[in-house]
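Student: Residue numbers (the numbering used here): 6 to 460. Dumping the structure here so I can ask a few things about it.
Take a look at the structure:
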């Protein structure tokens, strides 16, 4: 798909129009956000005065202090139930990984069919932006239906997050796709491989920038090992890609892709934790903005007219678009669940290993030969993954042991607490009162008895 996209070629006017569409889409929305914030701060603003006031309030107003929300969340976590067993967490993560793998494997097959093979008129479909819109719009509908089902089941779907907070990850997701496609025109194949393999380290760095998330040295070592193994495997994989020199503008697009892609999952993770947003809500609002931005871009560039004309002449493409959009929506369900529960670094690991796993499965089932360098790359990746799993297991075991030890010590301290004297029985006249100055009780008792004898 990427090499066919590279061969298509575009004029300077088309590129300028493409940039202009994004400037208008993003600029118009954030201008509305700025005006809405100014209106919401006005003393005369009343959110119940009409639909526009309610829209402004839901877009920019926080219905609860984020710091207070995070404090309540931390208290609930600390006072909540014990973490689920390691085997159960591993099984759930494996299920999410397989779901992402299968969904986007089928999605890639459908995309390749749509973009690389002609339909009834003998022409190729060239609007990748409309495919993005179709994927996002169907995912929006799926998330909306799922949210309504949750509401009917009396689940709490309300959140205090202003809607514009969801737009940042949508913008970064769109820009990462744009930078990735544009970079293919200016970079060599090895540079593309390194860019696709190097996802984990940028995610870790961006995690500190966005949420001040810190990782230890072992986690950085695992990330470097997985990146190196995947890069070695892909670099020495037989391919017929045209070799060309990497230009400076291509490097800039690659850097833009890495920054935008790593920001997306980290920002979503921050919104998850800061506002207590559910994965279905995140999916709905993120796709709401993504589909809105891409739809406006299709209208501004008049690309929508070409799309409608092509679909009218080739109605058979609609079924392929629908299947591709369904695969994307199902994959997003797994993605947002993974980011919410396990964090952006685990999702980046799945992304990095995903392409390698598909090739490994192809080698296993179809007996494709493996050269020494490919075997080395596979070995490095799986050694790193095994070390990471063992490290997670040992750390969870240590935490569980500490938790059991602390609870046992608390129970012992509770058993050593002295019981108070019952007030129902009168005190003995021969029993001396307790010393106020903290002196020994035996001395006080002897003094009391000697005073009785003298009297």
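The beta carbon of each residue, even a glycine, is placed where N, CA and C say it ideally should be.
(1) How many whole angstroms separate the CB atoms of residue 294 and residue 287, which I take to be in contact at a CB cut-off of 8 Å?
(2) With a 10 Å radius around its C-beta and 16 neighbouring C-beta atoms as the bar for buried, classify residue 100 as buried or exposed.
(3) Look at the alpha carbon of residue 51 and the alpha carbon of residue 41, and state the distance between them as a whole number of angstroms.
(4) Skipping 5 residues on each side, what residues in its chain have a beta carbon closer than 7 Å to that of residue 174?
(5) Could you give the residue range of the alpha helix (DSSP H) that holds residue 293?
(6) So what's residue 203 in DSSP terms, helix, strand or just coil?
(7) Taking only three categories from DSSP, how would you classify residue 122?
(8) Taking the C-alpha atoms as reference points, what is the distance between residue 321 and residue 336?
(9) Taking only three categories from DSSP, how would you classify residue 461?
(10) Spatial neighbours of residue 104 within its chain, please: CB distance less than 8 Å, with the 5 preceding and 5 following residues excluded, ordered by chain position.
(11) Given this structure, state the Cα-to-Cα distance separating residue 386 from residue 263, to the nearest angstrom.
(12) Whole-angstrom Cβ separation of residue 125 and residue 319, contact assumed at under 8 Å?
(13) Along the chain, where does the alpha helix (DSSP H) containing residue 375 start, and where does it finish?
(14) So, using beta-carbon positions, are residue 186 and residue 255 closer together than 8 Å?
(15) Starting from residue 262 and walking both ways along the alpha helix (DSSP H), at which residues does that stretch end?
(16) For residue 158, does the three-state DSSP call read helix, strand or coil?
(17) Is residue 212 helix, strand or coil by DSSP?
(18) Assign residue 149 to one of three DSSP states: helix, strand, or coil.
(19) Flag residue 153 as yes if its beta-carbon sits less than 8 Å from any beta-carbon of chain D, otherwise no.
(20) Considering residue 220, what are the terminal residues of the alpha helix (DSSP H) in which it resides?
(21) Please report the residue range of the alpha helix (DSSP H) in which residue 329 lies.
(22) Return the Cβ separation of residue 323 and residue 116 in integer angstroms, given the expectation that the two are a contact with Cβ distance under 8 Å.
(23) Between the segment 295-303 and the segment 133-141, do at least 3 Cβ pairs fall closer than 8 Å?
(24) What residue range does the alpha helix (DSSP H) around residue 58 cover?
(25) According to DSSP, simplified to helix, strand and coil, what is residue 164?
(26) So residue 314 is in the alpha helix (DSSP H); what residue range does that whole segment cover?
(27) Would you check if the segment 302-321 and the segment 144-158 touch, i.e. whether three or more CB-CB distances between them fall below 8 Å?
(28) How many angstroms separate the CA atom of residue 2 from the CA atom of residue 48?
(29) Short check: CB of residue 332 to CB of residue 168, under 8 Å?
(30) Can you name, in chain order, every residue of its own chain whose Cβ lies under 7 Å from the Cβ of residue 22, other than the five neighbours on each side?
(31) Please identify the residue among 311, 388, 112, 34 whose C-alpha is closest to the C-alpha of residue 171.
(32) Tell me whether residue 166 is buried or exposed, calling it buried when 16 or more other Cβ atoms sit within 10 Å of its Cβ.
(33) Is it buried or exposed, residue 62, if we count other Cβ atoms within 10 angstroms and call 16 or more buried?
(34) To the nearest whole angstrom, what separates the beta carbons of residue 265 and residue 180, a pair I think is in contact under 8 Å?
Tutor: To lay it out plainly:
(1) With a Cβ gap of about 11 Å, residue 294 and residue 287 do not count as contacting.
(2) Result: exposed.
(3) So the two alpha carbons sit approximately 12 Å from each other.
(4) Excluding residues within five positions, the ones whose Cβ falls inside 7 Å are 269, 272, 273, 291.
(5) 284-305
(6) coil
(7) coil
(8) Taking the straight line from one Cα to the other gives about 24 Å.
(9) Given that the chain is displayed from residue 6 to residue 460, the structure contains no residue 461 and the question cannot be resolved.
(10) 335, 336, 338, 339
(11) 21 Å
(12) 5 Å
(13) Run containing residue 375: none; DSSP gives neither H nor E here.
(14) no
(15) That run of the alpha helix (DSSP H) goes 253-280.
(16) coil
(17) helix
(18) helix
(19) No chain D is part of this structure, which consists of one protein chain only.
(20) Where residue 220 is concerned, there is no enclosing alpha helix (DSSP H), given that its DSSP letter is neither H nor E.
(21) That run of the alpha helix (DSSP H) goes 322-347.
(22) That pair is no contact at about 15 Å.
(23) Yes: at least three Cβ pairs fall under 8 Å.
(24) 56-65
(25) coil
(26) 308-318
(27) no
(28) Residue 2 falls outside the range modelled here, since the chain spans only 6 to 460, and no answer is possible.
(29) For residue 332 and residue 168, no; Cβs fall outside 8 Å.
(30) Around residue 22: 306.
(31) Measuring C-alpha to C-alpha distances from residue 171 to each of 311, 388, 112, 34 identifies 34 as the nearest.
(32) buried
(33) buried
(34) 4 Å
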